[in-house]
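Enquirer:
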Amino acid sequence: MNRLTCYIIGFFFLAALPLRAQLPDLTLQTGHSAPVTAMAFSSDGRIIATSGEDNIIILWDFQLGKQLKILKGHLGKINSLRFVKTGNRLISAGEDGRIFLWDIEKGLPVQMVFSGAAVTSVDVDQAGNWLVVSGAFPEIRRYRIADSLIYSSSVKVWDELTPLQITEMILKQKHFGKIKAMKGRNKDFLFQMFTEMFHPVPGVSAVSFGRDSSELFFSRSLVLNTGTLMYANLDFRKTDASGKVLHSFPVPVTGICRDHRSSGLFLSVVPSRITRFDLQKNKRRFSCSGDLLKYNFRTATVNASDSLFAAVNEDGKIFLWKTNGNFCRVFIAEAGTYTALGFHPHMSHILVAGNSEGDIFVVDVKSMKVIKKFGSGIFPLTCMAVNPSGSYVAVGNANHMVSYFSFNERITLEGYLAHKSTISGLYFVSDTVLASAGGDNRIHFFNVADHQSTLLKGNKNPALISAISHAPVYSMLLFTVSGYDFVKRFLRRSSETLDAVSVSPDRSRLAAGGKGFNNGLFYSAFVPRMFPVHIVNTAGMKKEYSFGAHYLSVDDIAFNNRGNLIATCGRDYKTGSNITNEKILMQSAFSMLVPLVGFVMTARTASALSTLYNPYYSLKIWQAGNRNPLAVFELPDPVTSLNFFPGSDSLLFCDNKRNIAFLDFRNSAVKKLAEGAPPLLFTDNKKSFLYQDSTFSMVMYQDEPGSGGTVFSGHSDSVTAAAFTPDRRHLITTAEDGSMKIWESATGKEIATVYAINTSDFIISTPDYYYYATRNAKKEIGFTFGTKFYPFEQYDLQYNRPDIVMDRLGCASPEMIRALNLAYHKRLQKSGFTEEMFSTDFHIPEAEIADASAIPFSTADPVLKIRIKARDDKYDLDRINVWVNDVAIYGANGYSLRDKKVNRFEEQVTLNLSHGINRIRVSCMNEKGVESLRETAEITLNAPVDVKPDLHIIVIGASEYASKDWNLNYAAKDAQDVASIFQNQKGNFGKINTTVLVNSEVTSENILRLKPQLMKTKVDDKVLIFYAGHGLLDENLDYYLATYNVNFDKPSEGGLSYDKLNSLLDSIPAREKILLIDACHSGEVDKEETIMADVKDQGGIVFRGARPRGYKSGAEVSYNNSFELMKEMFSDLRKGTGAMVISSAGFRSVPYRLATLAAIFSRRGNQPGMGAY
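The opening position of the sequence shown corresponds to residue 11 in the working numbering, with each subsequent residue numbered one higher.
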């Protein structure tokens, strides 16, 4: 998944409207972009908090599976989460040493306590009054929980120890008994080297309260710094609140979980065991082993009834046992590996697990199935490119995907998987060919026109040498500290990457470089290894040559304006020679056979070699085609970005201390210009440039003192890329908040914000709240009031304005804009709204499911009773709306309260559930036509399916008309063919009920009298209505279907309006419904006034000609823009009835070959959103 944070940003739709004292936030469903590290439930089970290695905490509405808020403040991995029992507060702690107390309603920290060292574990007592904290420090700290965390005392668990004493304790564990035989210099040197490498300190890896706040249980450990903190766990102890040791057990414990009755603990014990510890008898009851004692357990959890416990181990498997020790089963993740888990506090069979991809899964341990996934389609954007003609904009995201927008009359989005790891850079090397490099050590060329790909490999990978050189480390630490993770990390850190990429100004050459095997403890044995820069011919997509650039890493690359100079920056060694140290190779190999002796020998040689190589940060200038640098500069800090000035060979660069400087390399002159961060982008005058300031704004630097530059402000996280459009009128930026913004370059005014949801869906919004969004994109965003989530479409009618968005972007013709504007006003008319209703005093009523917290997660009962409450403090209520899976239970117009003249309403409603997921939504509308926010709940019906659903088919085919000039050839036959196709599907249904109306039978009266038989359907039944014939628009843009006796010059006389046909599906019990209209809009004078659906020519599709003659509507609607118009016209009607509407229409109409429809209705179960509009 996904996926790095894209923060909850300020609510941009109703910022100016006084809805309530608190305005809602627009919430993007971003999820985690790194492994999940911890999770915790609120006491009522409604909210779950998850943390990840992306250093953020996400609050989720558990029942809806929707992200509510992101809590940002940690600077490192978050290790522990606990909800405070009273109040809406959460405690978090992590390796940055920070302990936060959060107000989850506001999403803000109440307090931050800095511990001075990494925090490994926290626990809150059952009463919610006390907090204990452990970490890389020799005591346990106690805090009283009030309005803030108040320090109380410390429990000392370690005596004073020197680093060498700590090292000796680690190495004298049972796995290294032979070390006792070592004497003299070798032993002292081994201890000294180990201490210098790992900097061990005493600490506590896990802590828990016992039966009450007076008992403490904890695991003493020695903390090793190996790049990430690792622990050598020694023993497990019990003390009282004063620190008096009551019991000590010589077992290494990595995690502690207390059951709900506080009668026992579940301990994660090395190696690979879960031990049940009895708190009353202070002894072990039993132990359960994992996978052949191979992988240690990370953490454990107990279910609500204390009848089951589960634990996740280092290879990502979840083991499940009964609390009497009987083994149940193992869960293996379908993607990635599980990394964290927790049982729901009230639903004993519901287990939640997070994985290495950042995804959250809900598992029903009864059925052994994953029943829900908390996911996301929005990811941080890492790079961006604009093609030479300005017709495409491509973005790369943290999920390694490249998505490219086409802005030409219509906005479209496509994409592809570019790399298996981080995308380092993205460029158009021609108008249709994209080039990128990535952390998978590949250069990828992709043609957006024909979707052809070419992959080139970057660096060579010395994986075998890496493995041999690290053998001493593997062998020494394999059984002492999380050996599996340790080895995996070292192997992973030896991979080759391409971290820098640049393209010459004429786009003819690409340069890419990176790093690889140099992070291990013994990498100096193979120094100097020069990491190359690869030069690629972009036209032929082949490497021209490579040259060794830097010893340790290539961090950035730039071409000058003429393309004859290349600048690189990275890490280097000041000295070194091209040697292969045979001695250390031999000693590393020897260590595989004699680990301890080999380690000492290798460490001695590595220590000697380390004095030969002194690392520094370098910037080098190269003549293109020459493998020797023209100039080399030593810099005090690493350079993060560099660029040549357009009018000279001077350089602009930025380092990690936020210094932006000018470098004249020919005269060796350096001058600091500003403080900021990349991206660095030159403007038109070739002297001023843009850079990022500390507020994530792009700021213009001007060389004239005192001159104010343009500021582009609006991103909520770091800007990752910036580029001008070819005409220089617009600036485009991307950021880690997942957004792409388009600005006026002259003024800094924001035009639009774009979110690419996946490779086909998107949202485009304007600063004054209007947006254009594809239907599936709306699932990824919503609104939150405090900790309540509301769906995006709540404000769809007011702000869904493709006409305004496309006009602002300038990517559509005036004709298209006019058509979309007509469609919008038609929607308002059909919904009973006017634009005047959307004023600043817009008032919203309230509706709720009063007993939502009592709705179970799943049930076998097909009937559910809920209590609905509605209120409005200003106006009377007009109606109540209830939907199940987007199907209106009371019809499109809801349950009327108009005659009751009430402003409060409460009633119990009985719902028949569909098999599978049932998404229940409730709202109310006041007398001013204003709808409340929609309250949502979900429940899964998992009862056995004993009876097959029935299928109800109504087919209507009008080939013959009273006005014979309008006769068609195949409409009636197509209707009969559809009926025949579904008659062959009897095995999938209980009964198939078919009604056929053709030719003279096709009248409004005959069609509308079919409604009573549809009212007899059941909730799991399926309904298909098919119409084939002419489609007509009148002068008001009302859509009509031609009947036998229609007046083609005035469709409202005798014609069947779309609204009335669709009303057949309104309010009926069946929830899976399809309305298929195969109607050529043939009542136009010429093809430029024809409405058509955008149906691609597919194999098996037949074209039917239409006769464009007769009635002229007068509407200015073209053949090309009509699909956008039709989508807008039908949008709200589809939502009202809950039917899937498929329309295939146009001049030279394109009807579907309908055999594939049988597959749609052969699905079992109900999947909300698949067919309901």
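For every residue, glycine included, the Cβ atom is placed at its ideal position computed from N, Cα and C.
Grab the span of the beta strand (DSSP E) containing M49 for me, first residue to last.
Expert: On the sequence shown, position 39 is the one that residue 49 refers to. Counting along the chain, the beta strand (DSSP E) containing M49 begins and ends at 46 to 51.
Enquirer: Among the residues of its own chain, which have a CB less than 6 angstroms from the CB of G580, if the five just before and after it don't count?
Expert: Here residue 580 corresponds to residue number 570 of the sequence shown, with the count starting at 1. Excluding residues within five positions, the ones whose Cβ falls inside 6 angstroms are H560, S563, V564, D565.
Enquirer: Taking the straight line between their C-alpha atoms, what separation do you get for S1132 and A829?
Expert: Walking along the sequence shown from the start, residue 1132 turns up at place 1122. Walking along the sequence shown from the start, residue 829 turns up at place 819. Since pLDDT at S1132 reaches only 44, below the 50 mark, its modelled position is unreliable, and the value read off the structure follows with that caveat. The straight-line gap from Cα to Cα measures roughly 8 angstroms.
Enquirer: Which class does R908 belong to by DSSP, given the choice of helix, strand or coil?
Expert: Reading the sequence shown from its first residue, position 898 is the one you call residue 908. Three-state result, R908: helix.
Enquirer: Would you say F384 lies against chain B (beta-carbon separation less than 9 angstroms)?
Expert: The structure shown contains no chain B; it is built from a single protein chain.
Enquirer: Go ahead and pull the three-state DSSP assignment for M816.
Expert: The residue given as residue 816 occupies position 806 in the sequence shown. Note: M816 maps to helix in three-state DSSP.
Enquirer: CB-CB under 6 angstroms to A146, same chain, minus the five flanking residues each way: which ones, in chain order?
Expert: Residue numbering aside, residue 146 sits at position 136 when the sequence shown is read from its first letter. Counting only Cβ-Cβ distances below 6 angstroms, and skipping sequence neighbours, we find A127, A128, V211, G213, V233.
Enquirer: Identify the residues that DSSP records as bridge partners of V957: which are they?
Expert: Counting from one through the sequence shown, the residue named residue 957 turns up at place 947. In the DSSP output, where bridge partners are listed per residue, V957 has none listed.
Enquirer: Should V340 and F353 be called a contact, given that it needs their Cβ atoms to be closer than 9 angstroms?
Expert: The count along the sequence shown starts at 1 and reaches residue 340 at position 330. The count along the sequence shown starts at 1 and reaches residue 353 at position 343. Cβ atoms of V340 and F353: not closer than 9 angstroms.
Enquirer: For the stretch 1018 to 1033 against the stretch 1057 to 1064, are there 3 or more C-beta pairs whose distance is under 8 angstroms?
Expert: Because the criterion of three Cβ pairs below 8 angstroms is not met, the stretch 1018 to 1033 and the stretch 1057 to 1064 do not touch.
Enquirer: Contact between the stretch 959 to 975 and the stretch 988 to 1008 is defined here as three or more beta-carbon pairs at a separation below 8 angstroms; is this criterion met?
Expert: As far as the Cβ criterion goes, the stretch 959 to 975 touches the stretch 988 to 1008, which means the pair count is three or higher.
Enquirer: With distances taken Cα to Cα, identify the nearest neighbour of D1076 among Y1050, K1026, L1051, V1056.
Expert: Against the sequence shown, residue 1076 aligns to sequence position 1066. Taking only the C-alpha atoms, the option nearest D1076 is K1026.
Enquirer: Could you give the distance in angstroms between the alpha-carbon of Y1184 and the alpha-carbon of D883?
Expert: Because the chain is modelled from 11 through 1183, residue 1184 falls outside the range shown and cannot be assessed.
Enquirer: Starting from S990 and walking both ways along the alpha helix (DSSP H), at which residues does that stretch end?
Expert: Translated into the one-based positions of the sequence shown, residue 990 becomes position 980. Segment 981 to 993, the alpha helix (DSSP H) holding S990.
Enquirer: Decide if K382 is buried, meaning its Cβ has at least 16 other Cβ atoms within 10 Å, or exposed.
Expert: Residue numbering aside, residue 382 sits at position 372 when the sequence shown is read from its first letter. So K382 counts as buried.
Enquirer: Report the rounded CA-to-CA distance for D250 versus G368, giving the unit in angstroms.
Expert: For the purposes of this step, residue 250 is taken as the residue at position 240 of the sequence shown. For the purposes of this step, residue 368 is taken as the residue at position 358 of the sequence shown. About 38 angstroms.
Enquirer: Could you check the C-alpha separation between A613 and H209 for me, to the nearest Å?
Expert: Walking along the sequence shown from the start, residue 613 turns up at place 603. Walking along the sequence shown from the start, residue 209 turns up at place 199. Caution is warranted here: a pLDDT of 48 is assigned to A613, below 50, making its placement in the model unreliable, and the coordinate value is therefore given only provisionally. Whole-angstrom Cα-Cα distance: 16 angstroms.
Enquirer: Candidates H835, L838, P812: which alpha carbon is nearest M826's?
Expert: Locating residue 826 in the sequence shown gives position 816, counting from the first residue. For the residues H835, L838, P812, the minimum Cα distance to M826 belongs to P812.
Enquirer: Between which two residues does the beta strand (DSSP E) harbouring I761 extend?
Expert: The residue labelled residue 761 in the question sits at position 751 within the sequence shown. Run containing I761: 760 to 766, per the beta strand (DSSP E) assignment.
Enquirer: Just confirm the distance between the C-beta atoms of S514 and F569, as a whole number of angstroms; I'd bet it's less than 8 angstroms.
Expert: Counting from 1 along the sequence shown, the entry for residue 514 is found at position 504. Counting from 1 along the sequence shown, the entry for residue 569 is found at position 559. Confirmed, about 4 angstroms.
Enquirer: Do you know how far the Cα of K248 is from the Cα of K76?
Expert: Taking the first residue of the sequence shown as position 1, residue 76 is located at position 66. Taking the first residue of the sequence shown as position 1, residue 248 is located at position 238. In a straight line, the C-alpha of K76 is about 40 angstroms away from that of K248.
Enquirer: Got a sec? Which residues, its chain only, sit under 8 angstroms from C664 by beta carbon, not counting five neighbours each side?
Expert: Working through the sequence shown from its first residue, we reach residue 664 at position 654. Answer for C664: V649, T650, S651, L652, I670, A671, G686, A687, P688, L690, Y701, listed in chain order.
Enquirer: Among V132, T311, L69, L244, which residue has its Cα nearest to the Cα of S258?
Expert: Here the question's residue 258 lines up with position 248 in the sequence shown. Minimum Cα distance to S258 is reached at L244.
Enquirer: Beta carbon of A310, beta carbon of S272: below 9 angstroms?
Expert: Your numbering for residue 310 matches position 300 in the sequence shown. Your numbering for residue 272 matches position 262 in the sequence shown. No.
Enquirer: Exposed or buried, what is I160 when buried is set at 16 or more other beta-carbons lying within 10 Å of its beta-carbon?
Expert: In the sequence shown, the residue the question calls residue 160 occupies position 150. Exposed, because fewer than 16 other Cβ atoms sit within 10 Å of the Cβ of I160.
Enquirer: Would you mind stating whether D694 and F675 have Cβ atoms separated by less than 9 angstroms?
Expert: By 1-based counting over the sequence shown, the position of residue 694 is 684. By 1-based counting over the sequence shown, the position of residue 675 is 665. Against a cut-off of 9 angstroms, the Cβ pair of F675 and D694 comes out as no contact.
Enquirer: Within this structure, are the beta carbons of I370 and V46 separated by less than 9 angstroms?
Expert: The sequence position of residue 370 within the sequence shown is 360, counting from 1. The sequence position of residue 46 within the sequence shown is 36, counting from 1. In this structure, V46 lies closer than 9 angstroms to I370 by Cβ.
Enquirer: Below 6 angstroms CB to CB, which residues in the same chain sit around I1078 once its five sequence neighbours on both sides are set aside?
Expert: Working through the sequence shown from its first residue, we reach residue 1078 at position 1068. Contacts found: L1024, M1025, T1027.
Enquirer: Please determine if the stretch 371 to 390 and the stretch 419 to 435 are in contact, where contact requires at least 3 C-beta pairs separated by less than 8 angstroms.
Expert: Contact between the stretch 371 to 390 and the stretch 419 to 435 is absent, because fewer than three Cβ pairs lie under 8 angstroms.
Enquirer: Would you tell me roughly how many angstroms separate the C-alpha atoms of G346 and F643, rounded to the nearest one?
Expert: Mapped onto the sequence shown, residue 346 falls at position 336. Mapped onto the sequence shown, residue 643 falls at position 633. Rounded to whole angstroms, G346 to F643 spans 43 angstroms at the Cα level.
Enquirer: So what does DSSP say about R1119, is it helix, strand or coil?
Expert: The residue labelled residue 1119 in the question sits at position 1109 within the sequence shown. The predicted model places R1119 with a pLDDT of 30, which falls under 50 and marks its position as unreliable, so this point remains unresolved.
Enquirer: Check I827 in the structure and name its three-state DSSP category.
Expert: Locating residue 827 in the sequence shown gives position 817, counting from the first residue. DSSP places I827 in helix when its eight states are reduced to three.
Enquirer: Thinking C-alpha only, which one of L1085, A408, T578, F415 is nearest S401?
Expert: As a first step, residue 401 is located in the sequence shown; it is residue number 391 there, counting from the start. When only C-alpha atoms are compared, the closest one is F415.
Enquirer: Quick one: Cα of K470 to Cα of E506, how far?
Expert: The residue given as residue 470 occupies position 460 in the sequence shown. The residue given as residue 506 occupies position 496 in the sequence shown. Roughly 7 angstroms separates the two Cα atoms.
Enquirer: Determine the burial state of G997: buried for a count of at least 16 other Cβ atoms within 10 Å of its Cβ, exposed for fewer.
Expert: Translated into positions along the sequence shown, residue 997 becomes position 987. Burial call: exposed.
Enquirer: Would you tell me roughly how many angstroms separate the C-alpha atoms of Y1037 and S1073, rounded to the nearest one?
Expert: Position 1027 of the sequence shown, counted from the first residue, corresponds to residue 1037. Position 1063 of the sequence shown, counted from the first residue, corresponds to residue 1073. Roughly 14 angstroms between the two C-alpha positions.
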